[in-house]
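Below: the structure, in structure tokens.
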Amino acid sequence: MQPSGSASRELFHPVQTTGTYASVILPLALPKLFTYYVPEEWLDAARPGVRVEVQFGKRKIYAGLLREIHHRKPDYPTKPLLSVLDEQPLVGERHLAFWEWIAEYYCCTLGEVLDAALPAPFKLSSRRKISLSPFFDRHFEELSEAAHLLVQALQIQKEVSIDEVRKILNRKTVGKVLEELFDKRLIYMSEEVREKYRPRMVRCVRLQEPYRSQPELLSEAFERCARSLKQTEALMAFVQLSKEQQVVRCQEIYDRAGADSAVLRALEKKGILERYEKQSSRLGGYEEELVEVPEMSEQQKRALAELERAFEQKDVVLLHGVTGSGKTRLYVELIKKTLNRGRQVLYLLPEVGLTTQIVQRLQQLFGDQVAVYHHRLNQNERVEMWRAVAEGQPVV
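Our numbering applies: residue 1 is where the sequence shown begins, and numbers increase by one.
Next up, the structure:
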């Protein structure tokens with residue numbers, strides 16, 4: 001589709017050829033889904049549940065969620081998917097069906113449900129970018145001095161942001177310059193979509209080759225650093241820590257050996273150790289010893305048997321018991337059986353104040369399988385929790 005007349009400021013779109021279309025949920029209070037065609041380059045990546053970059057209106061770019069792939073050609077001109085933002089679906093078919101039920105039940109739009117359902121870091125910030133358009137012609141003598149300078153910069157840098165345009169032209173307002181280039185169809189304006197979530201990275205250390213694959217050669221490594229007590233102690237600390245755990249952090253070496261980064265850097269130069277970055281969960285882990293589940297009383301065993309019989313017939317079962325009657329012990333047994341089947345458990349508490357005691361008790365029984373979600377978590381922790389659950393990890 002080639003822009004012309006008043007549409008000359010829209011994003012340039014390639015010719016439509018595939019006959020494949022996508023219904024997209026936009027993060028807006030709109031009464032319906034919008035259909036875009038799928039360019040050939042995105043045919044393999046486009047699938048329900050992934051986020052896609054689309055144009056809505058003349059210039060605005062949104063990250064929507066792909067709901068359906070189909071071959072029903074609309075009776076109006078369609079715009080393309082600009083890109084697919086996820087390698088794997090962010091949400092599954094069951095989630096999408098649940099969203100549709102929520103929209104119908106609460107009389108709202110799917111876009112509003114999407115906006116409420118996704119953690120904030122999955123919501124994308126948009127930054128406008130400028131590049132030379134496919135219609136660019138090297139003959140641009142009629143341009144103003146500022147427009148000429150910007151075109152020259154784009155020939156070198158290929159793509160710049162609006163803020164970078166201001167720096168290049170050394171002026172706060174650049175609207176007239178961009179307007180001039182738009183009118184002459186010399187530039188293309190898009191919006192770069194970026195995620196706000198950034199994984200937490202920690203500095204770790206490991207052996208270099210050949211010591212990594214041939215640990216019997218470590219005596220040679222100790223001989224090479226024998227003249228430095230600090231290096232010897234740091235290497236010894238690494239060996240001890242690596243026997244206790246799979247990943248050794250630089251900070252753990254510093255704490256155990258009283259070393260610093262200069263010591264590790266020296267061992268790195270000698271070809272003994274090497275530092276690297278590894279993604280680390282913000283959710284933390286349980287590092288204490290697990291305890292055995294206490295035996296149930298006869299009354300608890302009878303109650304559990306009744307619960308299991310009731311679950312065979314119904315999805316929801318009510319367990320009544322006064323405070324201190326041992327209901328939590330029954331919950332623990334049900335959680336244990338559910339996790340053993342590779343499934344997940346949602347354990348709801350009425351307030352955050354009760355969380356610490358219950359969580360500590362569950363962690364003593366289930367260790368790292370317990371994950372806590374509440375309003376005090378920061379946004380990055382919420383993303384990691386979302387991903388753990390979405391990947392099907394057996395969690396409580």
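All C-beta atoms, glycine included, are put in the ideal place defined by N, C-alpha and C.
In this structure, the alpha-carbon of K32 lies about 14 Å from that of W99. Residue environment for Q299: exposed (fewer than 16 other C-beta atoms within 10 angstroms of its C-beta). In the structure shown, E306 falls within a helical segment according to DSSP collapsed to helix, strand and coil. A Cβ-Cβ separation of about 5 Å places L273 in contact with V205 under the 8 Å criterion. Assignment of S261 by DSSP, reduced to helix, strand and coil, places it in the helix class. In the displayed model, M236 falls within a helix according to three-state DSSP. About 6 Å separates the beta carbons of L96 and R67, which is inside the 8 Å limit, making them a contact pair. Around Y373, the same chain offers M385 as residues with beta carbons nearer than 6 Å, after the five sequence neighbours per side are excluded. In the DSSP assignment, F366 is bridged to no other residue. Assignment of S23 by DSSP, reduced to helix, strand and coil, places it in the strand class. Within the DSSP secondary-structure output, V247 pairs in no beta bridge. A contact between stretches requires three or more CB pairs, one per stretch, nearer than 8 Å, and the region 209-220 fails this requirement with the region 148-160. Relative to the Cα of Y254, the nearest Cα in the group P74, E41, L264, L186 belongs to L264. With the rule of 3 Cβ pairs closer than 8 Å, the region 257-271 counts as touching the region 235-244.
Y37 and P80 do touch by the CB rule: their CB atoms are close to 5 Å apart, below 8 Å. The distance from the Cβ of P27 to that of G111 is about 5 Å, consistent with a contact at the 8 Å cut-off.
When K314, L186, T35 are compared, the shortest CA-CA separation from R72 is found for T35. M296 has its alpha-carbon roughly 12 Å from the corresponding atom of A305.
Runs of the alpha helix (DSSP H) lying entirely within the region 64-116, each at least 4 residues long, are 93-105 in chain order. Beta-bridge partners of L132 (DSSP): I187. Contact annotation: I168 and I130 have beta-carbon atoms that are not nearer than 7 Å. By the beta-carbon neighbour count (other beta carbons within 10 angstroms, threshold 16), S219 is exposed. Taking the Cβ atoms as the reference, P89 lies roughly 3 Å from G49, within the contact range of under 8 Å. In the structure shown, L273 adopts extended strand secondary structure according to DSSP, grouped into three states. Cα atoms of V332 and C108: separation of roughly 38 Å, rounded to the nearest angstrom. Going by DSSP, T35 is part of the beta strand (DSSP E) stretching over 34-37. In the displayed model, E384 falls within a helix according to three-state DSSP.
With a contact defined as Cβ atoms closer than 8 Å, I358 and L365 miss out at about 11 Å. The beta carbon of V113 lies closer than 7 Å to those of W99, I102, A103 in the same chain, with the five residues before and after it left out.
One alpha carbon belongs to Q393, the other to R343, and they sit about 8 Å apart.
CA-to-CA, the gap between E381 and E223 works out to about 44 Å. Here G271 has Q208 as same chain residues with Cβ atoms under 7 Å from its own Cβ, once five neighbours each way along the sequence are excluded. Counting along the chain, the unbroken alpha helix (DSSP H) around S219 starts and ends at 218-224. Counting along the chain, no alpha helix (DSSP H) covers R51; the unbroken beta strand (DSSP E) around it starts and ends at 51-56. In this structure P119 is not in contact with V370, their Cβ atoms being roughly 20 Å apart against a cut-off of 8 Å. Under the three-state reduction of DSSP, V160 is assigned to strand.
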